[in-house]
Amino acid sequence: MKRNWSRAAAAAAAATMVLTACGGEDDVPVLTWYINPDDGGQQALAQQCTDEAEGAYRIQTSLLPNDAPAQREQLARRLAAGDSSLDIMSIDPPFIPELAEPGFLAPVPEDVAERTTEDTLEGALAGAMWNDELVTVPFWANTQILWYRESVAEAAGLDFSEPVTWDDLIEAARDQGKYLSIQGIRAESMTVWVNSLMESQGESILVDPSAGAEELETNLESEAGQRTAEIISTIGSEQLAGPGVASLDENQSMLMFQRDNGSFMVNWPFVWPATNAAAEEGSVDADLPDDIGWAEYPRVDPDIPAAPPLGGINLGVGAESEHPELAFEAIECIVRPENQTEYFLTNGNPPSSASAFDDPAIEEDFPMAETIRDALDHAAPRPQTPYYNEISESIQLNFTPVSGVDAERTPANTAQYILDVLRGERLL
Amino acid sequence: MSTAAVPATKRGVKAGKPVKSQRTKAEARLGWMLAGPAFVVMLAVTAYPIAQATFDSLFSYRLTTPDEREFIFLDNYLLLFSDWTFWRAFLVTLLITLVTVAIELVLGFALALVMHRALKALRGALRTAILVPYAIITVVSAFAWYFMFDINSGFVNNWFSWVPGISADLDWFGNTWTALSIIMAAEIWKTTPFIALLLLAGLAQVPGELVEAAKVDGATRSQQFTRVIIPNMKAAIMVAVLFRALDAFRIFDSVFVMTGGDQNTEVLALLAYRQSISRLEIGLGSAVSVVLFACVLLMCFIAVKLFKVDLASGTDQSQAKAKKGGAEQ
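Quick note, the sequences are listed as chains A and B, same order. Numbers given in my numbering equal positions in the first sequence, counted from 1, plus 93. Numbers given in my numbering equal positions in the second sequence, counted from 1, plus 24.
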């Protein structure tokens, strides 16, 4: 018995020694970068910038959950608990105010802000701000454009060299008996859609996004809100998005677009590499990519330019980080325009910097890069408020199922719902 | 409910009798020493979080606005009880509990009988086959069911399109009742083996001579079943039902994976999750959790006091009691 004890103690001591040996291998500060899942691009950038730092720091990545709300949950909980390992974080823009407001994010030094936003596209820059201050550094920016099947467009007589409206698309899909690929699932994508429809009419969902929970007011009960609900309700009630509209997320709507009854789709640029890969693999027709065209996001009013959705990832530094200077140094390395170009080419995520689009290789892989770039200049962020999650979930609850949306009642109900939730008068 | 604490209290009861021999005292001490560490651990990992949640539920506390934390006493509970969202989640949870436990009890009984009566050669394989669903992780089973019925990837619409009401255009998760049926089916499929296993243990406890005696007295098969077997299994049945009901009431995974609470399928555990994890409203979320816990406690209380479920069944003492109870009936 005694021998066993001493043996165990020796083993434990040996293990401790091995561990300390590992930790003390070098004195290079380790920066942890919490990344959203991608095709390995962020990991590669971490490696590249570690090499370039020549021993000043080492970036180690740590993977966040799959969807943006779950990423927010993890980051918010860690930040609230004062986790010092949050050196660099990949943050989805709508959740930035919630993290910036309580001071969870380290301030971006002025010189870093200046250098990293020299040629940032307007939409992307707007998403990185809170209270008129840059609180994160734009890394890559995402937006939706309109994808169409050339065969269907031709049959419907739609000319995509001119801006088209939602009404045009609805009519064409109705006439041709095809399905419109929108995102009808109860998820973040519903808020993305509602926000773009509102912004495309020059209205925002919130009157003053920086107002406190008690004072927030919405614009949903306006004419723009009704028009928004009308478009969604027409598509829903006439089943123009197919029978499975309640489970159409970005991926499912792409799959529907690829099938024979696909017609028009609003979606992020990932659909292009994904469709090409599917065509090569043989899971869809090999000549399907040739039938796909693209144009600017559909307008609501023919005379007002559309405000496409804005997505992407910005990089923030945790307020409790032990190496904020090094973290910003690393961020400057990560977001260099040539790295953004590389990231677009390898992972399909568009740059936030204008000059990163200049590389000729981009035009080759993403012939629609010009359209994406223009869209990013007009893209409108979702409401920038610390209560974004509540507002988004209220919109999702009220605007799904899309077949149940009512042009008159839904906007007013949603507005009331949001106010009740924010004032603590109802559950969500 | 600490199982580890059961032997200790049982011995404590024994020691409460008027005559305490040296030996019983020593046994009681040994009992506490053996169960003590587990008891302390249970307190640390269950009692403490429960107390903390109860405390937090009295505050308006949002994780991202720590400075605005405010004591509001029972306001969170008032909000809950005055909100239809809560009552809807409560009713959906109750419905799922009642339906799944009832169906599982019937199916579980049938499976237990099959396992009990099966030929010796088949018994091992049969038991394994029946237990497989129970060994599957709930999230995995939920995804399997989800993908089976999903309108985009599922094969059910395709295979069963000849059944009236099922067509390629049927979105199972786009409607409350179809969505709930699948959630319940997934639960039943997965946990029936658990009930079957507990009932099988109960069946094995029924003394063979009692059934023999009934046969000799001319009892028919159904009489043997209702008059001899079931009364002798009462303890096992009640324990199975209670455990399963407590488990079913806390349903989360299947709903989370399949609908995420859409189409009015939200259950209490999901409601708590959405308040404390998604909204980061620690106070409100804690209040939902406390209510959920109170419901579970209430169910336990009803079962133990009203239906006299003996949680220590199988020990010497309760077996003697059960035999007595069985004989009385």
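We put the beta carbon where it would ideally sit given N, CA and C, even for glycine.
Contact annotation: in the region 154-178 of chain A, residues whose CB is within less than 8 Å of a CB in chain B are 162, 166, 169, 170, 173.
If you check the CB distance, residue 363 of chain A and residue 274 of chain A do not come in under 8 Å.
Contact of residue 509 of chain A with chain B is not assigned, every C-beta pair being separated by 8 Å or more.
Under the three-state reduction of DSSP output, residue 176 of chain B falls in the coil class, being neither helix nor strand. Per DSSP, residue 279 of chain A is not a residue of any beta strand (DSSP E), being assigned neither H nor E. Taking C-beta separations shorter than 7 Å and ignoring five residues to either side along the sequence, the partners of residue 305 of chain B in its chain run 86, 299, following chain order.
Apart from sequence neighbours up to five positions away, no residue of its chain approaches residue 173 of chain A with a beta-carbon distance below 6 Å.
Counting of Cβ neighbours within 10 angstroms places residue 247 of chain B among the exposed residues, the total staying below 16. Residue 422 of chain A and residue 122 of chain A have their alpha carbons spaced roughly 13 Å apart. If the five residues before and after residue 157 of chain A are omitted, its C-beta is found closer than 8 Å to the C-beta atoms of 127, 128, 129, 130, 163, 164, 167, 168, 183, all from its own chain and listed in chain order. Listed by position along chain A, the residues whose Cβ is nearer than 9 Å to that of residue 76 of chain B form an empty set, because the closest Cβ is around 14 Å away. By alpha-carbon distance to residue 360 of chain A, the top candidate from A:370, A:353, A:349 is A:349.
Residue 84 of chain B is bridged by DSSP to B:94. Any Cβ of chain A closer than 8 Å to the Cβ of residue 80 of chain B would place that residue at the interface, and such an atom is absent. Comparing alpha carbon positions, the residue from A:475, A:251, A:228 closest to residue 402 of chain A is A:475. Nearest CB-CB separation between residue 212 of chain B and chain A: not below the 8 Å threshold. Under the three-state reduction of DSSP, residue 222 of chain A is assigned to strand. Chain order gives the chain B residues near residue 340 of chain A as 174, 175, 176, 195, 197, 198, where near means a beta carbon separation below 8 Å. The region 410-421 of chain A makes no contact with the region 262-281 of chain A, as fewer than three CB pairs between them are under 8 Å. Not a single CB atom of chain A sits nearer than 8 Å to the CB of residue 202 of chain B. A distance below 8 Å separates the beta carbons of residue 444 of chain A and residue 234 of chain A. Under the 8 Å criterion on CB atoms, residue 299 of chain B is classed as interfacial with respect to chain A.
In the structure shown, residue 207 of chain B falls within a helical segment according to DSSP collapsed to helix, strand and coil. Taking a C-beta cut-off of 8 Å against chain A, the contacting residues of the region 108-135 of chain B are 109, 110, listed in chain order. Rounded to the nearest angstrom, the Cβ distance from residue 504 of chain A to residue 331 of chain A is 20 Å, too far for a contact under 8 Å.
The DSSP-derived three-state label of residue 153 of chain A is strand.
Beta-bridge partners assigned by DSSP to residue 409 of chain A: A:182. At a cut-off of 8 Å between C-beta atoms, residue 89 of chain B counts as an interface residue with respect to chain A.
Non-local C-beta neighbours of residue 387 of chain A in its own chain, meaning closer than 6 Å and more than five positions away in sequence, comprise 238, 240, 461, 464, ordered along the chain. For the pair residue 301 of chain B and residue 313 of chain B, the Cα-to-Cα distance works out to about 12 Å.
Proximity of residue 277 of chain B to chain A, defined by a Cβ-Cβ separation below 8 Å, is not satisfied. Residue 323 of chain B sits in a helix when the DSSP states are folded into three classes. If you check the CB distance, residue 267 of chain B and residue 297 of chain B do not come in under 8 Å. In the DSSP assignment, residue 232 of chain A falls outside any alpha helix (DSSP H) and within the unbroken beta strand (DSSP E) covering 230-236.
With contact defined as three or more Cβ pairs closer than 8 Å, the region 236-251 of chain B and the region 118-129 of chain B are not in contact. In the DSSP assignment, residue 358 of chain A is bridged to A:240, A:274.
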